[in-house]
Amino acid sequence: MATLAETTGTAGPRYTRVAIWLHWLIGLAVIANIGLAMLTEGLPRETQRAAMDAHKALGITVLALTVIRIAWRLGHRPPPLPATIGTWQRLLGKVTHFLFYALLILLPLSGWVWMSAAGRPIDFFGLFAVPVIVAPNEGLADVMHDRHEVLGLTMLALAAVHILAALKHQFIDRTGLLGRLNPF
Numbered sequence: 001m002a003t004l005a006e007t008t009g010t011a012g013p014r015y016t017r018v019a020i021w022l023h024w025l026i027g028l029a030v031i032a033n034i035g036l037a038m039l040t041e042g043l044p045r046e047t048q049r050a051a052m053d054a055h056k057a058l059g060i061t062v063l064a065l066t067v068i069r070i071a072w073r074l075g076h077r078p079p080p081l082p083a084t085i086g087t088w089q090r091l092l093g094k095v096t097h098f099l100f101y102a103l104l105i106l107l108p109l110s111g112w113v114w115m116s117a118a119g120r121p122i123d124f125f126g127l128f129a130v131p132v133i134v135a136p137n138e139g140l141a142d143v144m145h146d147r148h149e150v151l152g153l154t155m156l157a158l159a160a161v162h163i164l165a166a167l168k169h170q171f172i173d174r175t176g177l178l179g180r181l182n183p184f
């Protein structure tokens with residue numbers, strides 16, 4: 001049976017080490033992927049292609065890590081929030097986390113379907129080709145391209161809100177929430 005959470009002396013309840021590392025690995029991968037997608041315009045074609053190949057492989061990595069994170073989360077409850085966190089903030093936090101999990105699945109999946117429908121297999125960091133999941137279909141590729149961009153912009157906005165909320169809780173409210181996710 002899983003424990004509620006690991007605890008440390010003065011930091012209070014913490015997430016498990018696995019949950020903490022998955023949080024930061026996924027978060028850094030998402031930030032890197034947003035950067036790769038946004039910074040490729042105007043680059044030489046070969047550099048652009050290499051950046052997008054890395055973007056696609058990193059997206060598959062995010063999808064795999066998210067599946068692991070969800071499986072871990074099902075067996076390991078997060079630590080309780082401090083009593084100072086109000087009801088509306090708790091509800092907003094639950095909605096935000098649900099949206100993150102949905103986007104962490106749907107965003108890379110939409111890219112995978114897009115590339116499959118476009119007939120462009122994803123090269124996973126030069127190790128293997130990721131299997132296609134739909135037959136080539138130009139109409140579907142166009143739709144999934146649009147969906148992928150909307151989901152990407154939604155992820156960018158949600159990540160910004162998440163980071164700002166974490167900073168607010170840490171430096172204005174002084175709830176110590178960031179300490180619950182400190183990997184060190």
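Take 1 as the starting number for the sequence shown in our numbering and just add one per residue. Glycine is no exception: its CB is placed at the ideal position from the N, C-alpha and C atoms.
Within the stretch 48-133, the alpha helix (DSSP H) runs of at least 4 residues that lie entirely inside it are, in chain order, 87-117. Residues of the same chain with a CB within less than 7 Å of the CB of D53, apart from the 5 flanking positions on each side, are D123 in chain order.
When secondary structure is reduced to three states using DSSP, G42 falls in the coil class, being assigned neither helix nor strand. For D142, the enclosing alpha helix (DSSP H) begins and ends at 138-167. A residue is called buried when at least 16 other Cβ atoms come within 10 angstroms of its Cβ; L153 does not meet this threshold and is exposed.
Comparing alpha carbon positions, the residue from W21, R147, L127, I133 closest to T66 is W21. By a beta-carbon distance limit of 8 Å, L140 contacts A117. Their separation comes to about 4 Å. Under the 8 Å Cβ criterion, the stretch 34-52 does not count as touching the stretch 87-101, having fewer than three qualifying pairs.
Counting only residues of its own chain and dropping the five nearest sequence neighbours on each side, L177 has a CB closer than 7 Å to the CB of A166, H169, Q170. Nearest Cα to T175 within the set A37, I85, A135: I85. In the three-state DSSP reduction, G12 falls in the strand class (E or B). The three-state reading of DSSP puts G35 in helix, counting H, G and I together.
In the same chain as L158, and ignoring 5 residues on each side of it, the C-beta atoms closer than 8 Å to its own belong to T96, L99, F100, L103, in chain order.
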